[in-house]
Amino acid sequence: MGSVVKKSISVPEHVWLEAEATAAEENTTVSALIAEAIENLMIVRRGLRAVRAWEREHGAFTAEELAQVEAELSAIEKEAEQ
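Numbering (the numbering used here), first residue to last: 1172 to 1253.
Dropping the structure here:
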C-alpha cells in the first residue's frame, strides 16, 4: 500500500452509516472506501480538466459526438456485465 496519512474528517451521519454498511458488505474498511472514492474523484476531475482543455482548443463537442461517446460507453458497460 505504501505510506498513508492519517487525517480527521467530518461527514454527515447518514453517509458514515452507509459507508460502514458498504465496507462490511465488501469486507473492507471505511478508510479503504474513502481512499478509493477520493482516487476516483481525482480521476474524474483530471478527465474533466482534459475535456475543458480540448474544448478550448478545438471547440465544444457536438451533440453527434456526445451521442457517439454515449453509445460506445453503453456498449462497454454491457460487455463488462457479461
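Just so you know, even glycine gets a beta-carbon here, dropped at the ideal spot from N, CA and C.
Among His1185, Ser1202, Ala1251, which residue has its Cα nearest to the Cα of Lys1178?
The shortest C-alpha separation from Lys1178 is found at Ser1202.
If the criterion is Cβ atoms closer than 8 Å, does the pair Glu1221 and Leu1204 meet it?
The sequence shown places Ala at residue 1221, rather than the Glu named in the question. Here Ala1221 is not near Leu1204, since their CB atoms are 8 Å or more apart.
Taking Ser1174 as the reference, give the member of Ala1238, Ile1247, Met1213, Ala1206 with the closest Cα.
Among Ala1238, Ile1247, Met1213, Ala1206, the Cα nearest to that of Ser1174 belongs to Ala1206.
Limits of the unbroken alpha helix (DSSP H) element including Ala1208:
First-last of the alpha helix (DSSP H) with Ala1208: 1201–1229.
How far does the alpha helix (DSSP H) with Thr1193 in it extend, from its first residue to its last?
Boundaries of the alpha helix (DSSP H) harbouring Thr1193: 1184–1196, taken from the DSSP string.
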